Amino acid sequence: MAAAGMVGFAPVALAEDDDEPPLAEEMDEISGALKSLRRLKRDPERWSKSAAAIRKGADHCVKAMTMVPKEIEALPDGPAKVKAMADSRRLMALMLAGFCELELAFL
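Using this note's numbering, read the sequence shown as starting at 3 and increasing by one per residue.
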């Protein structure tokens, strides 16, 4: 459940020519994976589907961790930018840990 609260704090990706930045697309997939849990019945026979949905969200979280948020990219090079990037990765890692805890709960 901790992962659900963190999705709102995730950074936004670099703007590109596409309609939606890659990081934003990954964050949408993460959100969709969490939302799919609400639609699944709380039936032990469905737990494998729940675990699969969580695993999908975790996979997108790993992809998102490799991307640089546009706010951080805009910062001038220096200690503040390095610290911001480290904090961004830390927050994404916490979200990934939350996904892993949820997956374990369903297995």
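Just so it is clear, CB atoms sit at the ideal spot from N, CA and C, and this is done for glycine as well. Every value quoted in this text rests on a predicted model; they were computed, and no experiment measured them.
Looking only at its own chain, which residues have a Cβ that is under 6 Å from the Cβ of residue i, when we skip the five neighbours before and after it?
i	result
H62	E28, E31 and I32
A35	A55, K58 and G59
Can you tell me whether residue i is helix, strand or coil according to DSSP?
i	result
P24	helix
P78	coil
Drop a sphere of 10 angstroms on the beta-carbon of residue i, count the other beta-carbons inside from all chains shown, and report buried for 16 or more, exposed for fewer.
i	result
L109	exposed
G100	buried
A60	buried
L106	exposed
A26	buried
A55	buried
A82	exposed
P88	Reading off the sequence, residue 88 comes out as Ala, not Pro. A88 is exposed by the Cβ-count criterion.
A76	exposed
Note down, in chain order, each residue of its chain lying with its Cβ closer than 7 Å to the Cβ of residue i, except the 5 sequence neighbours on either side.
i	result
R92	none
A86	I74 and L77
Skipping 5 residues on each side, what residues in its chain have a beta carbon closer than 8 Å to that of residue i?
i	result
S38	A55
A53	E105, F108 and L109
State whether the stretch 66 to 83 contacts the stretch 45 to 55, with contact taken as three or more CB pairs (one from each stretch) at a distance under 8 Å. no
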